[in-house]
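Novice: Each residue of the sequence shown is one higher than the one before, counting from 9 in our numbering.
Positions of the beta carbon are idealized from the N, C-alpha and C atoms, including for glycine.
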Amino acid sequence: MNRVLISLHVLLTTPIPVPWSLLIRGAVIVLAYTLARPIAPLIGIDAVNFAALAGLITTVFRNLESTLMKQEIDPSVDAMFVGSFVAITIGASAVLLYVPAALLPYVMSAGVATMGAIYSAVLLWDRPLLDRMGWTVEHWGVEGQANYVRWMILRCFGLAAATAYAAAYGTRPEWIVAHAALPIAFYALFYWTIIATHPYEDDA
Numbered sequence: 009m010n011r012v013l014i015s016l017h018v019l020l021t022t023p024i025p026v027p028w029s030l031l032i033r034g035a036v037i038v039l040a041y042t043l044a045r046p047i048a049p050l051i052g053i054d055a056v057n058f059a060a061l062a063g064l065i066t067t068v069f070r071n072l073e074s075t076l077m078k079q080e081i082d083p084s085v086d087a088m089f090v091g092s093f094v095a096i097t098i099g100a101s102a103v104l105l106y107v108p109a110a111l112l113p114y115v116m117s118a119g120v121a122t123m124g125a126i127y128s129a130v131l132l133w134d135r136p137l138l139d140r141m142g143w144t145v146e147h148w149g150v151e152g153q154a155n156y157v158r159w160m161i162l163r164c165f166g167l168a169a170a171t172a173y174a175a176a177y178g179t180r181p182e183w184i185v186a187h188a189a190l191p192i193a194f195y196a197l198f199y200w201t202i203i204a205t206h207p208y209e210d211d212a
C-alpha cells in the first residue's frame, strides 16, 4: 500500500493520548499566576517567576511519580536519577526565582532550545543513549527511531521560538497562557507528525 495512504489511515484511526501531565502543569501555572499577582509585592517574588516555578515543580513531581511507580525499578539507577533530578530542580528553581521577570521567558525558551540541541547531539553521535534516556522506541527500527527524534528536536526548537515570540509581542498574562498552553499544542502536533511520517514499511 502507498506510504501516504498508510500514514493517512493510521493518522485518522489513532487517538492521541491525553497529556495529563501537561494539562495539570498548565492549570497550575495559570492558577499560580492568578493567585500570586495580588500578593507579589508582599512575598517579594514576581508573579511570572512564581508561576514558572509552580510549573517546574509540577513537572518534576509528575515525572518523579511516573518513574518511581514503574514495576521494575533498579535501585542504583533510580537513586541516581532521583538525586540528579533533585539537584537540577534546585538549581533551576533558584534561576526561576532570581532572574528578572522581563528576562525569564527568554531564559526558559533558551532552556527548551538547549534540550533540542542535546537531542540533536545524541542523534548524531550516540544513538544508543536514546534507550537510556527513557525513549522506548527501539522496536521501531533505525529509521523509525531517527524519525521520532528528529520531530522531537523540531518540537523543542519550535516551542522555544513560539514562547519567545509570545514574550516579545504579548503581555505578561498572554505569555503565561502561552507558557501553559503551547506545550499541549506542540505535544498534539508532535504526536500527529510522528504517526503520519513513521516509516511503517520498515516495521513489516
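For a test of the three-state rule: what should DSSP assign to residue 94, helix, strand or coil?
Specialist: For the purposes of this step, residue 94 is taken as the residue at position 86 of the sequence shown. Of the three classes helix, strand and coil, the one that applies to residue 94 here is helix, per DSSP.
Novice: Counting only the same chain and skipping the five closest in sequence on each side, list residues whose C-beta sits under 6 Å from that of residue 20.
Specialist: Within the sequence shown, the letter at position 12 stands for residue 20. Hits under 6 Å: none found.
Novice: Quick one: using the 10 Å Cβ neighbour count with 16 as the cut-off for buried, is residue 191 buried or exposed?
Specialist: Your numbering for residue 191 matches position 183 in the sequence shown. Residue 191 is buried by the Cβ-count criterion.
Novice: What does the alpha-carbon distance come out to for the pair residue 35 and residue 155?
Specialist: The sequence position of residue 35 within the sequence shown is 27, counting from 1. The sequence position of residue 155 within the sequence shown is 147, counting from 1. If I take the Cα positions, the gap works out to 31 Å.
Novice: Roughly how many angstroms lie between the CA atoms of residue 164 and residue 118, to the nearest whole one?
Specialist: The sequence position of residue 164 within the sequence shown is 156, counting from 1. The sequence position of residue 118 within the sequence shown is 110, counting from 1. One C-alpha to the other measures close to 10 Å.
Novice: If I measure Cβ to Cβ from residue 28 and keep anything under 6 Å in the same chain, skipping five residues before and after, which residues do I get?
Specialist: The count along the sequence shown starts at 1 and reaches residue 28 at position 20. Nothing meets the Cβ criterion.
Novice: What are the boundary residues of the alpha helix (DSSP H) that includes residue 124?
Specialist: By 1-based counting over the sequence shown, the position of residue 124 is 116. Run containing residue 124: 112–133, per the alpha helix (DSSP H) assignment.
Novice: For the alpha helix (DSSP H) containing residue 201, list its first residue and its last residue.
Specialist: For this step, residue 201 is matched to residue 193 along the sequence shown. Its alpha helix (DSSP H) spans residues 180–205.
Novice: Can you grab the Cα-Cα spacing for the pair residue 196 / residue 134, in whole Å?
Specialist: Translated into the one-based positions of the sequence shown, residue 196 becomes position 188. Translated into the one-based positions of the sequence shown, residue 134 becomes position 126. Cα-Cα distance, rounded: 27 Å.
Novice: Between residue 178 and residue 170, which are expected to be in contact by the criterion C-beta below 8 Å, what is the C-beta distance as a whole number of angstroms?
Specialist: The residue given as residue 178 occupies position 170 in the sequence shown. The residue given as residue 170 occupies position 162 in the sequence shown. That belief does not hold up - the Cβ atoms of residue 178 and residue 170 are roughly 11 Å apart, past 8 Å.
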